[in-house]
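Residue numbers (UniProt numbering), protein chains in the order written: chain A, 1 to 228; chain B, 1 to 228. C-beta atoms are modelled at their ideal positions from N, C-alpha and C, and glycine is treated no differently. Every value quoted in this text rests on a predicted model; they were computed, and no experiment measured them. Notes for the one structure printed next.
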DNA sequence: CGACTGATTGAAAGTGGTCAACAAAAGTGG
DNA sequence: CCACTTTTGTTGACCACTTTCAATCAGTCG
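Structure follows, in C-alpha cells:
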C-alpha cells in the first residue's frame with residue numbers, strides 16, 4: 001500500500017485515536033486497490049469480509065429487489081463503508097459500485113473486530129462512525145417520508161450550493177439518473193421537477209445549475225438541522 | 001428500580017456480557033419509570049441525556065417536519081432506543097412517545113459511555129446493537145424505495161402472520177393510522193389498499209385479518225431476507 | 001346518551017410513473 | 001478525426017396511484 005494512503009487512513013476520524021501498535025496490526029493484512037468505473041465491489045446478500053475505505057473516487061451504495069434498484073447513498077473520499085455488516089458479520093443489505101475510477105483500502109473484518117476489542121479509543125471511534133452512518137440513513141428516510149419529490153429536490157440543490165461555498169451557480173456532481181434514484185424518483189420526474197423549480201429561481205442547462213432566488217427555494221425546501 | 005426490571009435488563013443482549021461490576025456502576029444512577037399512553041418521552045432536536053430501555057408496553061419513534069409527521073419505527077419490549085444519539089451526544093433526530101402505558105428504564109448516557117470505555121465485551125455488544133438498528137433502518141428505507149405501497153402492505157401482513165406463528169388469522173397489533181404512517185401512506189390509502197388486497201386473499205374486519213391465499217400474497221410481497 | 005376518536009367511502013385533484021419518441025452527449029472503432 | 005453506436009436526458013401523452021377534502025359510519029368512553 002502507498003504510504004500516503006496509509007497516512008490518509010490513519011488521519012481518518014475512525015483511525016486517528018487508536019494506538020500505533022494496534023493500527024499497524026490491523027493494517028497488516030490490509031491492501032489498497034484501484035478499481036475502474038462502474039465496477040461492483042459488493043453484492044448485497046454476500047458476506048462481509050473486508051471493511052472498505054474509499055480513498056479516491058466515488059462509490060454508490062444501492063439496493064436491488066425484483067429487478068428494480070435504488071441508490072441508497074453516494075460516498076466521497078475519505079469514508080468507510082459497510083461497517084455495520086463487518087461488525088455483525090452478516091450479509092450485506094446493500095451493494096456497492098464505483099462511479100468513477102476509485103482507490104479503495106480493504107481491511108479484513110476479523111482484524112477490525114480484533115482491534116476493536118483491544119483498543120478502547122478505537123472502539124469509541126468505531127461506534128461513533130457507525131452512529132454517524134445510522135443518523136445519515138435516518139435523515140434520508142425522513143426526507144423520503146416527510147417531503148414531496150419537489151421538496152427533496154429543492155433541499156438537495158441547496159445542499160449542493162452549500163457544499164460549493166453557497167455559490168449561486170454550480171455543476172451537478174453526478175448523472176441526473178443517479179440523483180433521481182437517490183431522491184427516490186424516476187429520471188423523467190427529475191427532469192420535470194427541475195423545470196417546475198424554475199418558479200423558485202432554479203435554472204438548469206446540462207449539468208450547470210443556477211439559483212436566482214435562494215429564499216424562495218429555501219422556503220420550499222425547508223432545510224432542517226435534523227434532516228439535512 | 002424493581003429487581004425484576006434489573007434482571008430483565010441484565011439479560012438483554014446489550015448488557016448480558018458486561019462484568020457485574022460495570023453493570024452495577026452503570027445502573028447506579030439509572031431508574032425505571034412508568035409512563036401513561038400517548039406521552040412524549042423524547043422530542044426531536046433535544047439532547048440525549050439517557051439511554052432508554054423499553055421493558056413493558058410499546059413505543060413509537062416518529063419524526064416531524066413542517067407540521068407533518070411520520071412513524072419511523074415501532075418498538076416492543078425489551079429493546080433499547082436512541083442509542084445513536086447517546087453515543088454521539090447529539091440532538092435526537094426522532095421523537096418518541098408511548099403507544100400504551102409503558103415501563104422504561106433510563107440510563108444516563110454519560111454512564112453508558114463510561115461503561116463502554118471500561119468494558120470491551122460491553123463495547124462489542126453496544127456496537128452490535130447499533131449495527132442492528134442501522135440495518136433495521138436500511139431495511140425500512142429499502143422497502144420505501146423499492147416497493148409500492150401495496151407491496152409494502154402485503155409484506156407487512158405476511159410478517160405479522162409469521163410473528164403469530166404463521167397463523168392465517170391474526171389481529172392488527174396497532175391502530176391502522178399508525179400502521180399507515182409506518183408504511184408511508186395515509187390512513188385512507190391503507191383502507192383502500194387493504195380492500196384491494198382482497199384479490200390476494202386478504203380479508204379484514206375491524207382489526208381482524210385473515211389470509212386465505214398465502215402464496216398469492218407472498219408473490220406480491222416478495223419477502224426478502226435482505227429487506228424483511 | 002352524546003361526544004370523541006378512528007375508520008371507511010366517495011369525489012376530485014394532484015403527483016409521479018410508464019411508455020414511446022426524440023434529442024443530446026458520450027464513448028467506440030475505423 | 002469522423003462516423004457510428006450507446007447511453008443519457010428531455011418531452012409528450014396517458015395512466016395509475018395516492019392524497020385531499022368532506023361526509024358518514026363505528027366504536028369507545030365519560
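Residues bridged to residue i by DSSP?
i	result
residue 169 (chain A)	A:210
residue 91 (chain A)	A:47
residue 130 (chain A)	Answer is none; residue 130 (chain A) lacks a bridge partner.
residue 69 (chain A)	A:64
residue 246 (chain A)	In the structure as shown, chain A starts at 1 and stops at 228, and residue 246 (chain A) therefore has no counterpart that could be examined.
residue 75 (chain B)	B:59
residue 54 (chain A)	A:79, A:104
residue 35 (chain B)	B:102
residue 138 (chain A)	Paired residues: none, contrary to the question.
residue 124 (chain A)	The partner list for residue 124 (chain A) (beta bridge, DSSP) is empty, contrary to what the question assumes.
State the start and end residues of the unbroken beta strand (DSSP E) segment that holds residue i.
i	result
residue 108 (chain A)	102 to 108
residue 158 (chain B)	That residue, residue 158 (chain B), is in no beta strand (DSSP E); its alpha helix (DSSP H) goes 149 to 163.
How would you write the range of the alpha helix (DSSP H) that residue i sits in, first residue to last?
i	result
residue 183 (chain B)	176 to 183
residue 3 (chain B)	3 to 10
residue 23 (chain A)	20 to 27
residue 188 (chain A)	187 to 196
Which residues in the same chain as residue i place their Cβ atom closer than 7 Å to its Cβ, once the five residues preceding and following it in sequence are excluded?
i	result
residue 207 (chain A)	171, 172
residue 26 (chain A)	107, 111, 112, 115
residue 177 (chain B)	187
residue 2 (chain A)	32
residue 29 (chain B)	108, 111
residue 38 (chain A)	97, 98
Closer than 8 Å by C-beta to residue i: which residues in its own chain qualify, once you throw out the five before and the five after it? Chain order, please.
i	result
residue 5 (chain A)	32, 55, 103, 105
residue 193 (chain A)	149, 150, 153, 185
residue 160 (chain A)	170, 172, 173, 209
residue 75 (chain B)	54, 58, 59, 60, 61, 81
residue 205 (chain B)	none
residue 196 (chain A)	150
residue 63 (chain B)	44, 69, 70, 72, 93, 94, 95
Among the residues of its own chain, which have a CB less than 6 Å from the CB of residue i, if the five just before and after it don't count?
i	result
residue 35 (chain B)	98, 102
residue 146 (chain B)	none
residue 79 (chain B)	54
residue 135 (chain B)	none
residue 144 (chain A)	184
residue 190 (chain A)	176, 180
residue 85 (chain A)	48, 92
* chain A contacts made by the region 175 to 204 of chain B, where a contact means CB separation under 7 Å -> 184
* Asked: Taking any Cβ of chain B, which residues in the region 128 to 161 of chain A have a Cβ under 8 Å from it, in chain order?
  -> 128, 130, 131, 132, 133, 134, 135, 137, 138, 139, 140, 141, 142, 144, 145, 146, 147
* Asked: Between the region 87 to 104 of chain B and the region 28 to 46 of chain B, are three or more C-beta pairs nearer than 8 Å?
  -> yes
* **At least three beta-carbon pairs within less than 8 Å, the region 157 to 172 of chain A to the region 153 to 162 of chain B** => no
* **chain B contacts made by the region 72 to 98 of chain A, where a contact means CB separation under 7 Å** => 72, 84, 87, 88, 91, 93, 94
* Spell out a yes or no on whether the region 106 to 114 of chain B and the region 46 to 53 of chain B are touching, meaning 3 or more CB-CB pairs, one atom from each, closer than 8 Å. => yes
* Give the residues from the region 40 to 73 of chain A that approach chain B closer than 9 Å (Cβ to any Cβ), ordered along the chain. => 44, 45, 63, 64, 65, 66, 68, 69, 70, 71, 72
* To do: May I ask you to list, following chain order, the residues of the region 201 to 228 of chain B that have a beta carbon less than 9 Å from some beta carbon of chain A?
  => 222, 224, 225, 226, 227
* the region 7 to 26 of chain A contacting the region 119 to 133 of chain A, beta-carbon criterion three pairs below 8 Å -> yes
* Asked: Do three or more CB pairs link the region 178 to 194 of chain B to the region 71 to 84 of chain B at distances below 8 Å?
  -> yes
* Interface positions of the region 6 to 27 of chain B facing chain A (Cβ-Cβ less than 7 Å), listed along the chain -> none
* Asked: Are three or more beta carbon pairs between the region 189 to 206 of chain A and the region 215 to 224 of chain A nearer than 8 Å?
  -> yes
* Can you find at least 3 beta carbon pairs, one from the region 99 to 108 of chain B and one from the region 124 to 131 of chain B, that sit closer than 8 Å? -> no
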